[in-house]
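With our numbering, letter number 262 in the sequence shown gets 439, and the count goes up by one each step, no holes.
Cβ coordinates follow ideal geometry from the N, Cα and C atoms, glycine included.
For clarity, every value in this text was computed on a predicted model and none was experimentally measured.
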Amino acid sequence: MTMSLPAGFPEQLKGPMAWDGSDFDQDPEAYTLTLTEGDLLGIRTAVSYFKSLGLPRGSVDRSNFPLPEDLGTKLRQINDTLNNGRGFQVVRGIDPTSHSEEEHILIFAGICAHVATHRNWFIDHLRHEKQHDVPGVNLRPPELPVSMDFHTDVDSGPILALFVEKKSKIGGNQHLSSFWTIYNSLAREAPEVIGELASSWHWEKPDKENIDGPNIIMPSRPIIGKEGGKMQINYAKAYLAGHLKYPMNEASPSLSSPQEAALKILADTARRHRLQLDTKEGDLVLVNNLSIMHAREAFVDDEVSGEVRHILRLWLQDQESWSVASTLGYLEPEKAWHVPDEHQSLRTLSEWVQLPRATRAVDSATTDKHD
Numbered sequence: 178m179t180m181s182l183p184a185g186f187p188e189q190l191k192g193p194m195a196w197d198g199s200d201f202d203q204d205p206e207a208y209t210l211t212l213t214e215g216d217l218l219g220i221r222t223a224v225s226y227f228k229s230l231g232l233p234r235g236s237v238d239r240s241n242f243p244l245p246e247d248l249g250t251k252l253r254q255i256n257d258t259l260n261n262g263r264g265f266q267v268v269r270g271i272d273p274t275s276h277s278e279e280e281h282i283l284i285f286a287g288i289c290a291h292v293a294t295h296r297n298w299f300i301d302h303l304r305h306e307k308q309h310d311v312p313g314v315n316l317r318p319p320e321l322p323v324s325m326d327f328h329t330d331v332d333s334g335p336i337l338a339l340f341v342e343k344k345s346k347i348g349g350n351q352h353l354s355s356f357w358t359i360y361n362s363l364a365r366e367a368p369e370v371i372g373e374l375a376s377s378w379h380w381e382k383p384d385k386e387n388i389d390g391p392n393i394i395m396p397s398r399p400i401i402g403k404e405g406g407k408m409q410i411n412y413a414k415a416y417l418a419g420h421l422k423y424p425m426n427e428a429s430p431s432l433s434s435p436q437e438a439a440l441k442i443l444a445d446t447a448r449r450h451r452l453q454l455d456t457k458e459g460d461l462v463l464v465n466n467l468s469i470m471h472a473r474e475a476f477v478d479d480e481v482s483g484e485v486r487h488i489l490r491l492w493l494q495d496q497e498s499w500s501v502a503s504t505l506g507y508l509e510p511e512k513a514w515h516v517p518d519e520h521q522s523l524r525t526l527s528e529w530v531q532l533p534r535a536t537r538a539v540d541s542a543t544t545d546k547h548d
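Written as structure tokens, this is what we have:
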């Protein structure tokens with residue numbers, strides 16, 4: 178490991194993006210937009226208006242999901258918060274029990290359209306997949322009620338959006354950690370780790386169309402990079418070290434001792450500065466996916482009481498979003514952001530579970546992108 182920072186990397190990152198979890202522990206209102214009765218009425222009116230048009234769900238945008246001017250302004254301000262502020266926001270006040278499954282989709286996509294102009298072409302449904310429902314399938318970690326350590330959604334949009342449709346009985350809370358704060362800690366305490374993270378790593382992922390076959394080798398690239406003076410991270414450990422259920426190819430290089438140490442220090446530092454979000458059903462959580470790492474607690478569902486975790490996910494971007502550092506080698510195809518309305522997959526859970534398993538795997542995000 179090098180003992181100095183890579184050339185061009187700053188000694189310290191300053192600004193509201195560099196926060197510590199303790200800054201918000203006692204003040205959740207600082208990052209929560211609580212919708213008023215007027216806002217909620219405006220959302221219900223927008224849902225009714227869109228449904229009256231008879232358009233496919235993939236058509237939802239600002240023009241056909243019109244919101245009151247003051248609410249639209251507040252949502253557009255979130256865009257600035259995500260790109261130039263603390264990098265995350267919670268929107269609270271929607272009651273999922275007051276809306277149908279389809280309306281959940283429309284509300285989620287409609288509100289997101291006022292935050293950022295473009296979304297990826299499908300909604301993911303994140304929940305515990307029961308093994309007896311998919312016999313013989315090697316379930317991915319995001320489909321299991323296990324904890325997920327700090328990561329970003331690899332090669333996805335610059336903004337991650339989640340809608341909490343249902344919460345589990347126990348656990349499942351989201352945790353966030355500012356990569357800018359992590360970077361500052363590493364620059365002071367372990368600059369060699371930054372050098373290691375900025376070097377080239379071997380990446381691979383399971384082949385979703387041949388899950389029992391060899392992994393797909395991805396281009397070698399760094400975990401962190403810089404663009405326009407902004408430090409960024411693109412990282413999930415399973416791509417670099419494999420997972421118990423999805424090990425690396427036998428011929429793949431093992432992590433070196435410096436690499437293993439760097440990933441451990443990165444994870445430990447993220448946990449040290451983390452913020453736990455106490456989300457409620459109906460919350461929207463929006464996160465800068467290039468500057469804020471996220472993690473998830475293990476959880477326990479209760480089918481009898483109906484406390485069964487179910488999260489909807491989209492990725493967003495627009496002209497205000499961060500440009501991805503070229504060194505990070507994002508593999509998300511540009512065409513994913515320009516799918517015709519009628520081909521966008523904004524399915525409800527009831528529709529989604531009717532799809533063949535293989536189709537769902539293709540429609541869903543790359544293995545080990547998770548909430």
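Exposed or buried, H309, counting other C-beta atoms within 10 Å across all chains shown (16 or more means buried)?
Residue placement at H309 is poorly supported in this model, since its pLDDT is 49, which falls under 50; the coordinates still yield a value, given next. Flag for H309 reads exposed.
Consult DSSP for G402 and reduce its assignment to one of helix, strand or coil.
Strand at G402.
Do the region 362-372 and the region 516-524 make contact, defined as three or more Cβ pairs closer than 8 angstroms?
No: fewer than three Cβ pairs fall under 8 angstroms.
Among H302, I288 and E342, which one has its Cα closest to the Cα of D272?
Ranking H302, I288 and E342 by CA distance to the CA of D272 puts E342 first.
Taking 6 angstroms as the limit between beta carbons, can you name the residues of its chain near L532, skipping five residues before and five after?
Nothing listed; no residue qualifies.
CB contact flag (P399, W378, <8 angstroms):
With contacts defined by Cβ atoms closer than 8 angstroms, P399 and W378 form a contacting pair.
Residue range of the unbroken alpha helix (DSSP H) whose run includes N260:
Run containing N260: E246 to N261, per the alpha helix (DSSP H) assignment.
Distance between S277 and D454 (C-alpha atoms, nearest Å)
Reading off the sequence shown, one finds Leu at residue 454, where the question assumed Asp. Here the alpha carbon of L454 sits roughly 26 angstroms from the alpha carbon of S277.
For Q409, which residues of its own chain have a beta-carbon under 8 angstroms away from its beta-carbon, when the five flanking residues on both sides are left out?
The beta carbon of Q409 sits closer than 8 angstroms to the beta carbons of F356, I401, G402, K403, L467, S468, W499, V501, A502 and L505 from its chain, once the five residues preceding and following it are set aside; these are given in chain order.
Rounded distance between the beta-carbons of L493 and V268, thought under 8 angstroms
So it is not a contact: roughly 13 angstroms between Cβ atoms.
Could you tell me whether the Cβ atoms of R490 and L303 are closer together than 8 angstroms?
Cβ distance < 8 angstroms, so R490 and L303 count as in contact.
Do you know offhand how far L443's Cα is from S229's?
Cα-Cα distance, rounded: 50 angstroms.
So which of D200, A184, G185 and E306 has the shortest CA-CA distance to T358?
Considering only alpha carbons, the answer is D200.
What would DSSP say about L316, mapped onto helix, strand or coil?
Three-state DSSP puts L316 in coil, outside helix and strand.
Which of helix, strand or coil DSSP assigns to H309:
Note that H309 scores 49 on pLDDT, short of 50, meaning its location in the model is unreliable; the coordinates nonetheless yield the value given after this. Shown here, H309 sits in a helix according to DSSP, grouped into three states.
To which residues of the same chain is S376 closer than 8 angstroms at the C-beta, ignoring the five residues directly before and after it?
Within the same chain, Cβ atoms closer than 8 angstroms to the Cβ of S376 are found at P399, the five residues on either side in sequence being excluded.
Can you tell me whether K457 is helix, strand or coil according to DSSP?
Note: K457 maps to coil in three-state DSSP.
Between which residues of its own chain and G235 is the CB-CB distance below 6 angstroms, once the five residues before and five after are set aside?
Annotation for G235: D518, Q521 and L523 place their beta carbon closer than 6 angstroms to its own, counting only its chain and skipping 5 residues before and after.
Which value, in whole angstroms, describes the spacing of the CA atoms of A513 and G334?
CA-CA distance, A513 to G334, rounds to 10 angstroms.
Decide yes or no for the touch test of the region 234-253 against the region 205-222: beta carbon pairs closer than 8 angstroms, at least 3 of them.
Counting Cβ pairs under 8 angstroms, three or more are found: they touch.
Considering only residues of the region 472-546, which uninterrupted alpha helix (DSSP H) runs meet the minimum length of 4 residues and lie entirely inside it, listed in chain order?
Those alpha helix (DSSP H) runs which fall completely within the region 472-546 and span 4+ residues are 526-529 and 534-540.
In this structure, how does DSSP classify K191 when only helix, strand and coil are distinguished?
Residue state for K191 is assigned as coil, using DSSP reduced to three classes.
Any idea if A184 is buried or exposed, counting beta-carbon neighbours within 10 angstroms, 16 or more meaning buried?
For A184, the number of other beta carbons within 10 angstroms of its own is below 16, and it is reported as exposed.
Quick check on DSSP: helix, strand or coil for D326?
Three-state result, D326: strand.
CB-CB length for V530 against I347, believed under 8 angstroms
Actually they are not in contact, since the Cβ atoms of V530 and I347 sit about 24 angstroms apart, beyond 8 angstroms.
With DSSP as the reference, identify every bridge partner of N465, one or two as the case may be.
Paired residues: I336.
In the DSSP assignment, find the alpha helix (DSSP H) that holds H291 and state where it starts and stops.
Counting along the chain, the alpha helix (DSSP H) containing H291 begins and ends at E278 to V292.
Could you name the residues that DSSP lists as bridge partners for D301?
Under DSSP, D301 takes part in a beta bridge, and its partners are R490.
F285 and F340: beta carbons closer than 8 angstroms?
Yes, Cβ-Cβ distance for F285 and F340 is below 8 angstroms.
Spatial distance of H305 from K422 (CA atoms)
Whole-angstrom Cα-Cα distance: 16 angstroms.
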